[in-house]
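Q: In the numbering used here, the protein residues as written are 1458 to 1600.
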Amino acid sequence: MKNISKISALIVLFINISCKAQQMVQTPNDVYKLKKNEQQFLNKPLKNLLKEIKPEIKSAFGTLSSVGYPSYFSFSFINSHELKQKKEGRKLIGLYVYVKEPVDEWDYGTRPKEIEFSWRKEDVEKYGNFTVVRIKVIERIED
């Protein structure tokens, strides 16, 4: 009887550990999985998509597009200081998430300079409920 309860406890523990949800994007190179599974995020809050990204988003920029076009966020996994330093052969991956609501803070220069290109917890709270309408991934190699 003792052995059965020990085995049952181990099985339950194993199942619990196995069922923990793993984030879709484990490394910056996995960001293409978001585009591949785009339907899963369309017309859903931005915060749902952001929960699937494990690597830290180090820089971001919001753009208010012309009338008739959606606004978008540009996310990068390197900070703006590293981005300014050119490194030949470095692969830069940009994640562009288009949203239904207007993103005007960056365009109107109301974002403070010291955090202008940072993506912070406060940004997730502020923009997390914006509705995703498109995901785009662009990769380029510096020369």
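A virtual CB, placed ideally from N, CA and C, is assigned to each residue, including glycine.
Please confirm whether glutamate 1509 and glutamine 1480 have their CB atoms less than 7 Å apart.
A: In the sequence shown, the residue the question calls residue 1509 occupies position 52. In the sequence shown, the residue the question calls residue 1480 occupies position 23. Result yes, Cβ atoms of glutamate 1509 and glutamine 1480 sit closer than 7 Å.
Q: Out of Val1554, Val1560, Lys1541, which one is the CA nearest neighbour of leucine 1488?
A: Counting from one through the sequence shown, the residue named residue 1488 turns up at place 31. Looking at the sequence itself, residue 1488 is valine, so the reference to leucine does not match. With distances taken between Cα atoms, valine 1488 lies closest to Val1554.
Q: Have a look at Asn1500, Ser1528, Phe1518 and flag the residue whose alpha-carbon is nearest the alpha-carbon of phenylalanine 1534.
A: Position 77 of the sequence shown, counting from 1, holds the residue named residue 1534. That would be Phe1518, whose Cα lies nearest to the Cα of phenylalanine 1534.
Q: I need the DSSP call for tyrosine 1584, collapsed to helix, strand or coil.
A: As a working note, residue 1584 is residue 127 in the sequence shown. It is helical.
Q: Indicate the three-state DSSP secondary structure (helix, strand or coil) for leucine 1552 in the structure shown.
A: On the sequence shown, residue 1552 is found 95 positions in, with the first residue counted as 1. Here leucine 1552 sits in strand by DSSP.
Q: May I ask which residues mark the beginning and end of the beta strand (DSSP E) holding lysine 1570?
A: Here residue 1570 refers to the residue found at position 113 of the sequence shown. Lysine 1570 -> no beta strand (DSSP E), and no H or E assigned at all.
Q: My assumption, with CB atoms under 8 Å, is that lysine 1501 sits in contact with valine 1594. Please give the rounded CB distance.
A: For the purposes of this step, residue 1501 is taken as residue 44 along the sequence shown, with counting starting at 1. For the purposes of this step, residue 1594 is taken as residue 137 along the sequence shown, with counting starting at 1. Actually they do not touch by this definition, with Cβ atoms about 18 Å apart.
Q: In the DSSP assignment, find the alpha helix (DSSP H) that holds lysine 1504 and state where it starts and stops.
A: The residue given as residue 1504 occupies position 47 in the sequence shown. Here the alpha helix (DSSP H) through lysine 1504 covers 1503-1508.
Q: Tell me which residue opens and which closes the beta strand (DSSP E) that glutamate 1596 is part of.
A: Counted from its first residue, the sequence shown places residue 1596 at position 139. That run of the beta strand (DSSP E) goes 1589-1598.
Q: Comparing C-alpha positions only, which one of Pro1527, Asn1505, Arg1577, Lys1544 sits nearest to lysine 1515?
A: In the sequence shown, the residue the question calls residue 1515 occupies position 58. Ranking the options by Cα distance to lysine 1515, first place goes to Arg1577.
Q: Measure the C-alpha to C-alpha separation of valine 1590 and isoleucine 1461 and round it to an integer number of angstroms.
A: Here the question's residue 1590 lines up with position 133 in the sequence shown. Here the question's residue 1461 lines up with position 4 in the sequence shown. Roughly 51 Å separates the two Cα atoms.
Q: Quick one: what does DSSP say serine 1537 is sitting in, helix, strand or coil?
A: To locate residue 1537, count along the sequence shown from 1; it is residue 80. Serine 1537: helix per DSSP, three-state reduction.
Q: Here's a check: name, in chain order, each residue in its chain whose Cβ is nearer than 8 Å to the Cβ of glutamate 1562, leaving out the five neighbours to either side.
A: Position 105 of the sequence shown, counted from the start, is the residue given in the question as residue 1562. Around glutamate 1562: Gly1519, Arg1568.
Q: Just confirm the distance between the C-beta atoms of leucine 1521 and valine 1560, as a whole number of angstroms; I'd bet it's less than 8 Å.
A: Indexing the sequence shown from 1 puts residue 1521 at position 64. Indexing the sequence shown from 1 puts residue 1560 at position 103. Going by Cβ atoms, the distance from leucine 1521 to valine 1560 rounds to 6 Å, so yes, they are a contact pair.
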